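Undergrad: Have a look at this one.
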Amino acid sequence: MKITVADEIFRKINDICIGIIAAKGINNHGCNKEVEAFRRRCSTEVNLFLKMQKDIAVKERAFYQLLGKKLGIEARHNLLDLVCREYKDALAQYGIKSEANELNRVSLDELMASDVLPSKNSLLDLVRSGMLKFHVPIDIYDAKDKKEEFCIVYEKYPIVKRGTEMIAVPWCIDSEAEIIEETKNVWIVIVGTSDNRKVVAATRNELARRIKSAFNCDVETGWLEGSVTVFDTSI
(Lines of atoms letter the chains of each structure in order from A and count residues from 1; the text may use other names and numbers.)
(Lines give C-alpha, C1' and ligand atoms only; values in the text may rest on other atoms or scores of the structure.)
Protein backbone atom coordinates (compact mmCIF):
# COMPACT_ATOMS: atom_id res chain seq x y z
CA MET A 1 0.00 0.00 0.00
CA LYS A 2 1.43 3.34 -1.06
CA ILE A 3 0.21 6.92 -0.77
CA THR A 4 1.74 10.01 -2.38
CA VAL A 5 0.86 13.66 -1.76
CA ALA A 6 1.65 16.29 -4.40
CA ASP A 7 4.58 18.62 -3.72
CA GLU A 8 2.33 21.55 -4.63
CA ILE A 9 0.29 21.01 -1.46
CA PHE A 10 3.41 21.30 0.69
CA ARG A 11 4.46 24.43 -1.21
CA LYS A 12 1.09 26.10 -0.67
CA ILE A 13 1.18 25.40 3.08
CA ASN A 14 4.80 24.93 4.05
CA ASP A 15 4.09 23.76 7.59
CA ILE A 16 1.40 21.24 6.66
CA CYS A 17 1.65 17.82 8.28
CA ILE A 18 -0.30 14.67 7.47
CA GLY A 19 -0.77 11.68 9.74
CA ILE A 20 -1.42 8.44 7.86
CA ILE A 21 -2.88 5.10 8.92
CA ALA A 22 -2.92 2.06 6.63
CA ALA A 23 -4.95 -0.95 7.76
CA LYS A 24 -5.67 -4.25 6.05
CA GLY A 25 -7.67 -7.36 6.84
CA ILE A 26 -10.51 -5.58 8.65
CA ASN A 27 -13.79 -7.33 9.43
CA ASN A 28 -16.23 -4.43 9.36
CA HIS A 29 -19.40 -6.53 9.64
CA GLY A 30 -21.84 -6.16 12.51
CA CYS A 31 -21.41 -4.41 15.84
CA ASN A 32 -17.88 -4.12 17.22
CA LYS A 33 -18.05 -3.88 21.00
CA GLU A 34 -14.80 -1.90 21.37
CA VAL A 35 -15.86 0.65 18.78
CA GLU A 36 -19.33 0.92 20.28
CA ALA A 37 -17.85 1.65 23.71
CA PHE A 38 -15.61 4.34 22.18
CA ARG A 39 -18.56 5.90 20.32
CA ARG A 40 -20.57 6.10 23.53
CA ARG A 41 -17.69 7.54 25.53
CA CYS A 42 -16.98 10.24 22.94
CA SER A 43 -20.68 11.14 22.86
CA THR A 44 -20.69 11.53 26.63
CA GLU A 45 -17.57 13.72 26.51
CA VAL A 46 -19.21 15.98 23.92
CA ASN A 47 -22.36 16.25 26.01
CA LEU A 48 -20.35 17.32 29.04
CA PHE A 49 -18.44 19.81 26.89
CA LEU A 50 -21.74 21.26 25.66
CA LYS A 51 -22.79 21.96 29.24
CA MET A 52 -20.09 24.66 29.19
CA GLN A 53 -20.02 25.67 25.51
CA LYS A 54 -22.91 26.17 23.11
CA ASP A 55 -21.15 24.62 20.12
CA ILE A 56 -18.55 21.99 19.29
CA ALA A 57 -15.01 22.73 18.08
CA VAL A 58 -15.74 26.30 16.96
CA LYS A 59 -12.09 27.41 16.71
CA GLU A 60 -10.98 24.17 15.10
CA ARG A 61 -13.71 24.25 12.47
CA ALA A 62 -12.78 27.83 11.55
CA PHE A 63 -9.11 26.79 11.41
CA TYR A 64 -9.86 24.02 8.91
CA GLN A 65 -12.10 26.26 6.80
CA LEU A 66 -9.16 28.64 6.42
CA LEU A 67 -6.78 25.77 5.70
CA GLY A 68 -9.10 24.54 2.97
CA LYS A 69 -9.28 27.98 1.36
CA LYS A 70 -5.48 28.14 1.25
CA LEU A 71 -5.60 24.92 -0.76
CA GLY A 72 -8.28 26.24 -3.11
CA ILE A 73 -11.18 24.38 -1.46
CA GLU A 74 -14.19 26.71 -1.38
CA ALA A 75 -16.72 24.29 0.14
CA ARG A 76 -18.67 25.73 3.05
CA HIS A 77 -18.27 22.62 5.19
CA ASN A 78 -15.55 20.09 5.92
CA LEU A 79 -15.85 16.68 7.57
CA LEU A 80 -15.48 18.12 11.07
CA ASP A 81 -18.31 20.60 10.39
CA LEU A 82 -20.54 17.83 9.12
CA VAL A 83 -20.07 15.45 12.03
CA CYS A 84 -20.50 18.25 14.61
CA ARG A 85 -23.67 19.44 12.92
CA GLU A 86 -25.02 15.91 12.66
CA TYR A 87 -24.32 15.36 16.34
CA LYS A 88 -26.18 18.49 17.40
CA ASP A 89 -29.13 17.56 15.18
CA ALA A 90 -29.21 14.10 16.73
CA LEU A 91 -29.05 15.59 20.21
CA ALA A 92 -32.11 17.71 19.41
CA GLN A 93 -33.97 14.66 18.13
CA TYR A 94 -33.12 12.94 21.40
CA GLY A 95 -35.00 15.76 23.09
CA ILE A 96 -32.06 17.81 24.38
CA LYS A 97 -31.31 21.23 22.93
CA SER A 98 -27.60 21.88 22.62
CA GLU A 99 -27.74 25.44 23.94
CA ALA A 100 -25.75 25.69 27.16
CA ASN A 101 -28.69 26.91 29.27
CA GLU A 102 -30.75 23.89 28.20
CA LEU A 103 -27.94 21.41 28.85
CA ASN A 104 -27.36 22.91 32.28
CA ARG A 105 -30.81 21.65 33.24
CA VAL A 106 -30.05 18.12 32.05
CA SER A 107 -28.76 15.71 34.66
CA LEU A 108 -25.41 13.97 34.29
CA ASP A 109 -27.25 10.65 34.20
CA GLU A 110 -29.28 11.83 31.21
CA LEU A 111 -26.15 13.04 29.44
CA MET A 112 -24.36 9.77 30.12
CA ALA A 113 -27.25 7.92 28.47
CA SER A 114 -27.50 10.13 25.38
CA ASP A 115 -24.92 8.50 23.11
CA VAL A 116 -26.58 10.09 20.12
CA LEU A 117 -23.86 10.01 17.45
CA PRO A 118 -25.67 7.99 14.76
CA SER A 119 -24.09 4.59 14.13
CA LYS A 120 -23.21 3.80 10.50
CA ASN A 121 -20.72 0.93 10.57
CA SER A 122 -17.85 0.14 12.89
CA LEU A 123 -15.06 1.78 10.87
CA LEU A 124 -17.03 4.96 10.31
CA ASP A 125 -18.18 5.02 13.92
CA LEU A 126 -14.56 4.88 15.05
CA VAL A 127 -13.45 7.68 12.71
CA ARG A 128 -16.45 9.92 13.43
CA SER A 129 -16.01 9.45 17.17
CA GLY A 130 -12.35 10.40 16.75
CA MET A 131 -13.39 13.66 15.10
CA LEU A 132 -15.61 14.50 18.06
CA LYS A 133 -12.86 13.68 20.53
CA PHE A 134 -9.90 15.37 18.85
CA HIS A 135 -11.66 18.13 16.85
CA VAL A 136 -9.85 17.38 13.59
CA PRO A 137 -11.27 16.20 10.24
CA ILE A 138 -10.39 12.55 9.58
CA ASP A 139 -10.60 11.23 6.02
CA ILE A 140 -11.03 7.49 5.42
CA TYR A 141 -10.76 5.79 2.02
CA ASP A 142 -11.33 2.23 0.85
CA ALA A 143 -8.04 0.82 -0.44
CA LYS A 144 -9.94 -1.99 -2.22
CA ASP A 145 -7.46 -4.78 -3.09
CA LYS A 146 -4.44 -2.56 -2.20
CA LYS A 147 -3.00 -2.81 -5.73
CA GLU A 148 -3.81 0.75 -6.78
CA GLU A 149 -1.56 3.53 -5.52
CA PHE A 150 -3.28 6.34 -3.66
CA CYS A 151 -2.39 9.88 -4.66
CA ILE A 152 -3.50 13.30 -3.49
CA VAL A 153 -2.83 15.42 -6.56
CA TYR A 154 -3.27 19.16 -7.07
CA GLU A 155 -5.42 20.52 -9.92
CA LYS A 156 -6.66 23.95 -8.74
CA TYR A 157 -7.46 22.13 -5.48
CA PRO A 158 -6.42 18.76 -4.04
CA ILE A 159 -8.05 15.65 -5.51
CA VAL A 160 -7.77 12.11 -4.14
CA LYS A 161 -7.13 9.37 -6.69
CA ARG A 162 -7.01 5.60 -6.38
CA GLY A 163 -5.04 4.64 -9.44
CA THR A 164 -6.70 6.64 -12.22
CA GLU A 165 -10.06 6.85 -10.42
CA MET A 166 -10.98 10.13 -8.72
CA ILE A 167 -12.64 9.30 -5.41
CA ALA A 168 -12.75 12.63 -3.56
CA VAL A 169 -13.16 15.93 -5.42
CA PRO A 170 -12.06 18.06 -3.73
CA TRP A 171 -10.13 16.47 -0.91
CA CYS A 172 -11.29 16.93 2.72
CA ILE A 173 -15.01 17.20 1.92
CA ASP A 174 -16.65 13.78 2.12
CA SER A 175 -14.86 10.46 2.03
CA GLU A 176 -17.36 8.35 3.96
CA ALA A 177 -19.61 7.03 1.19
CA GLU A 178 -17.19 4.30 0.10
CA ILE A 179 -16.80 2.76 3.56
CA ILE A 180 -19.27 -0.10 3.89
CA GLU A 181 -19.43 -3.34 5.86
CA GLU A 182 -17.54 -5.13 3.08
CA THR A 183 -14.58 -2.73 3.34
CA LYS A 184 -11.43 -4.64 4.32
CA ASN A 185 -8.49 -2.31 3.64
CA VAL A 186 -8.35 1.43 4.32
CA TRP A 187 -6.27 4.57 4.27
CA ILE A 188 -6.92 7.14 6.99
CA VAL A 189 -5.59 10.67 6.47
CA ILE A 190 -5.41 13.37 9.17
CA VAL A 191 -4.24 16.84 8.15
CA GLY A 192 -2.92 19.70 10.24
CA THR A 193 -0.18 22.30 10.48
CA SER A 194 2.49 23.24 13.00
CA ASP A 195 -0.31 24.87 15.04
CA ASN A 196 -1.95 21.54 15.87
CA ARG A 197 0.78 19.04 15.00
CA LYS A 198 0.60 17.33 18.40
CA VAL A 199 -3.16 16.85 18.08
CA VAL A 200 -2.78 15.31 14.61
CA ALA A 201 -0.13 12.91 15.94
CA ALA A 202 -2.25 12.00 18.97
CA THR A 203 -5.28 11.37 16.76
CA ARG A 204 -3.30 9.13 14.42
CA ASN A 205 -1.73 7.18 17.26
CA GLU A 206 -4.97 6.56 19.14
CA LEU A 207 -6.96 5.58 16.06
CA ALA A 208 -4.20 3.22 14.90
CA ARG A 209 -4.13 1.56 18.32
CA ARG A 210 -7.91 1.24 18.45
CA ILE A 211 -8.17 -0.14 14.90
CA LYS A 212 -5.57 -2.81 15.64
CA SER A 213 -7.25 -3.75 18.91
CA ALA A 214 -10.86 -3.64 17.74
CA PHE A 215 -10.41 -5.36 14.38
CA ASN A 216 -7.33 -7.53 15.04
CA CYS A 217 -5.86 -6.44 11.72
CA ASP A 218 -2.53 -5.26 10.28
CA VAL A 219 -1.88 -1.55 10.87
CA GLU A 220 0.98 0.78 9.91
CA THR A 221 1.33 4.50 10.54
CA GLY A 222 3.14 7.16 8.56
CA TRP A 223 3.89 10.87 8.74
CA LEU A 224 4.23 13.26 5.79
CA GLU A 225 5.87 16.62 6.38
CA GLY A 226 8.48 18.82 4.73
CA SER A 227 10.28 16.84 2.04
CA VAL A 228 8.61 13.54 3.01
CA THR A 229 5.63 13.23 0.66
CA VAL A 230 5.37 9.45 0.15
CA PHE A 231 4.41 6.66 2.54
CA ASP A 232 4.99 3.10 1.32
CA THR A 233 3.85 0.39 3.71
CA SER A 234 4.94 -3.21 4.03
CA ILE A 235 1.38 -4.50 4.39
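When the count follows the numbering used here, it moves up by one through the sequence shown with no breaks and lands on 235 for the last residue. Don't be surprised by glycine CBs; every beta carbon is placed ideally from N, CA and C. Model, not experiment: these values are computed from the prediction.
Applying the 10 Å Cβ sphere with the 16-neighbour rule, what's the burial state of Thr164?
TA: exposed
Undergrad: Along the chain, which unbroken stretches of the beta strand (DSSP E) at least 3 residues long are found entirely within the segment 183 to 211?
TA: 186 to 192
Undergrad: Kindly indicate which three-state DSSP category Gly68 falls into: helix, strand or coil?
TA: helix
Undergrad: By the DSSP assignment, the beta strand (DSSP E) with Lys2 in it spans what residues?
TA: Lys2 to Val5
Undergrad: Whole angstroms are fine: how far does the CA of Val228 sit from the CA of Ala100?
TA: Caution applies to Ala100, whose pLDDT of 49 falls short of 50 and renders its modelled position unreliable; the model cannot decide the point.
Undergrad: Just to confirm my understanding: we take Ala90, look at its own chain, exclude 5 residues before and 5 after, and list those with CB closer than 8 Å. What are they?
TA: Val116, Leu117 and Pro118
Undergrad: How about the segment 181 to 196 and the segment 138 to 145: do they share at least three Cβ pairs that are nearer than 8 Å?
TA: yes
Undergrad: On the DSSP bridge list, what partners appear for Arg162?
TA: Secondary-structure assignment with DSSP links Arg162 through a beta bridge to Phe150 and Glu165.
Undergrad: Thinking just about the alpha-carbon of each residue, which of Gln65, Tyr154 and His135 is nearest to the one in Asn10?
TA: For the record, residue 10 in the displayed sequence is Phe; it is not Asn. The shortest C-alpha separation from Phe10 is found at Tyr154.
Undergrad: Using only CA atoms, which one of Asn216, Tyr87, Lys198 and Leu80 lies nearest to Ile16?
TA: Lys198
Undergrad: Going straight from the alpha carbon of Cys31 to that of Gly192, what length do you get?
TA: 31 Å
Undergrad: Could you give the DSSP three-state label for Asp81: helix, strand or coil?
TA: helix
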